[in-house]
Amino acid sequence: MEDTCSPETIHLEFSEKYDCDHARHYFRKHQRGFAHRLTTWREQAMARRALALAGDPEVVLDLPCGAGRFWPLLAENPRRRILAADYSEEMIQVARKMQPAELVRRVECFQCSAFETGLDDDSVDSVFCMRLLHHVIDSSHRLALLKELHRITRDTVCVSLWVDGNYQAFRRIRRDLRQSRGSRQNRGVVARRTVEGEFRQAGFEIQGYVDFLKLYSMWRLYVLRKGGRA
Ligand SMILES: C[S@@+](CC[C@H](N)C(=O)[O-])C[C@H]1O[C@@H](n2cnc3c(N)ncnc32)[C@H](O)[C@@H]1O
Numbered sequence: 087m088e089d090t091c092s093p094e095t096i097h098l099e100f101s102e103k104y105d106c107d108h109a110r111h112y113f114r115k116h117q118r119g120f121a122h123r124l125t126t127w128r129e130q131a132m133a134r135r136a137l138a139l140a141g142d143p144e145v146v147l148d149l150p151c152g153a154g155r156f157w158p159l160l161a162e163n164p165r166r167r168i169l170a171a172d173y174s175e176e177m178i179q180v181a182r183k184m185q186p187a188e189l190v191r192r193v194e195c196f197q198c199s200a201f202e203t204g205l206d207d208d209s210v211d212s213v214f215c216m217r218l219l220h221h222v223i224d225s226s227h228r229l230a231l232l233k234e235l236h237r238i239t240r241d242t243v244c245v246s247l248w249v250d251g252n253y254q255a256f257r258r259i260r261r262d263l264r265q266s267r268g269s270r271q272n273r274g275v276v277a278r279r280t281v282e283g284e285f286r287q288a289g290f291e292i293q294g295y296v297d298f299l300k301l302y303s304m305w306r307l308y309v310l311r312k313g314g315r316a
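Reading the sequence shown from the start, the letters are residues 87 to 316 in the numbering used here.
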């Protein structure tokens, strides 16, 4: 396994694509069409299950929050304090504009990189990290991200990514092998064994996981519990 990189040197190419137009497109995309609405419905069910496994945390950081897709779900617990952060200021602005005003008043937003959040140690009960880790291709970068999440959470992290051992991953890996000659991928499948080793190396124990659709889908949402020191 590679060493961890220092957070300030990590920059993902994909992070720059979330300008104002892309942010609006992202918000609309998930509300349009049967397939996208079905995906969001299933992801929400996975998130509910993961939060239950995490013990219904009271202080949650939604990182990256994107267009605030999960804010209504996070707000289902009326006692919950919701923090939300994203690398893209435009994405945060779109979320604040598109989500209901009453909900927006409940969410404390700030801009940061997930590799260097600027939060104190043990700031939140749980970090809710949807659809970021599959963009982090280098193992050393994943480890740096996981160590930052381990540092800022008091208890758990819910993190989704693409894993192997299913039909979609089998097809995706084959496609990536064909296409990757000469082009750099900005999303990828990670072997379960590899990423689970990285979770442990960052100091987490695996509390459980929820699959989008067992044996077919590559989306998996892990619930990690803070164990020893990373
Ligand atoms: C695919 S979207 C997911 C957003 C949200 N979690 C969801 O599932 O709807 C990816 C988000 O990651 C953000 N992002 C990219 N690089 C980041 C980084 N280094 N730190 C924090 N957020 C980042 C993007 O701005 C974008 O909002």
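Using N, Cα and C, we set each Cβ at its ideal position, and we do this for glycine too.
Give the straight-line distance between the Cα atoms of residue i and residue j, rounded to the nearest whole angstrom.
i	j	result
E291	L147	19 Å
Y112	R217	12 Å
A109	V180	6 Å
D207	A230	15 Å
R118	I96	33 Å
T126	F120	10 Å
P93	R306	25 Å
E102	M184	21 Å
R166	A255	35 Å
F298	R261	21 Å
Taking the beta carbon of residue i as the centre, do at least 16 other beta carbons fall within 10 Å, making it buried, or is it exposed?
i	result
K115	exposed
E129	buried
R257	exposed
D105	exposed
D107	exposed
Please name the residue, chosen from the options, that lies closest to residue i on a Cα-to-Cα basis.
i	options	result
R286	K233, V193, R155	K233
V296	T126, R135, H108, L124	R135
F214	D105, D250, A161	A161
L235	A187, N272, K312	K312
V222	A138, R237, F201	F201
P150	Q197, G141, L137, N163	Q197
A153	N272, L310, R182	R182
Y308	V249, R273, I178	V249
A131	P158, E144, V145	P158
A171	R279, R155, L263	R155
L219	G283, V245, T203	V245
DSSP state of residue i, grouped into three classes?
i	result
A153	coil
Y295	strand
C244	strand
Q185	coil
F201	coil
R311	strand
A171	strand
V222	coil
L139	helix
L147	strand
E194	strand
M87	With a pLDDT of 40 at M87, under the threshold of 50, the modelled position of this residue cannot be trusted, and the question is left open.
Per DSSP, what are the beta-bridge partners of residue i in this structure?
i	result
S92	DSSP lists no partner for S92.
T239	V210
F215	Sequence check: residue 215 is Cys here, not Phe. For C215, which the question treats as bridged, DSSP gives the partners V245.
R306	L247, D297
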